[in-house]
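Enquirer:
In the numbering used here, the protein residues as written are 9 to 97.
1) Suppose you measure from the CA of residue 78 to the CA of residue 64; what does that come to, to the nearest Å?
2) Does DSSP put residue 39 in a helix, in a strand, or in coil?
3) Residues in its own chain within less than 8 Å of residue 14 by CB, not counting five upstream and five downstream?
4) For residue 73, report the span of its alpha helix (DSSP H) as first-last.
5) Could you name the residues of the same chain whose beta carbon sits closer than 6 Å to that of residue 61, not counting the 5 residues immediately before and after it, in chain order?
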């Protein structure tokens, strides 16, 4: 698995054991105090069985959540500008 803040990687078992003792990366001592489990990347090896349909569905759902979390831009007013050029001639 890969830590999202510093991109250092370790096996899941090592991460869990380390995280019970410390809230910093064992390699660079960067903070992993506020790392959500959804933000962790899991690297699958060639021999690992991965359900691509489920993985794709989860990726799409996370993308949907990300898009919905972006700020919305709703214009509150419509401005019409009118100039009378006949007064300038």
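Even for Gly, the Cβ is constructed at its ideal location relative to N, Cα and C.
In this text, all values refer to a predicted model and were calculated from it rather than measured experimentally.
Expert: So, to answer that:
1) For the purposes of this step, residue 78 is identified with residue 70 of the chain shown, where counting begins at 1. For the purposes of this step, residue 64 is identified with residue 56 of the chain shown, where counting begins at 1. Roughly 21 Å between the two C-alpha positions.
2) As a first step, residue 39 must be located in the chain shown, where it is residue number 31. The answer is strand: DSSP assigns residue 39 an E or B state.
3) Along the chain shown, read from residue 1 onward, the residue named residue 14 stands at position 6. 33, 35, 36, 38, listed in sequence order.
4) In the chain shown, the residue the question calls residue 73 occupies position 65. From DSSP, the alpha helix (DSSP H) with residue 73 extends over 60-77.
5) Within the chain shown, numbered from 1, the residue matching residue 61 stands at position 53. Excluding positions up to five away in sequence, the list is empty.
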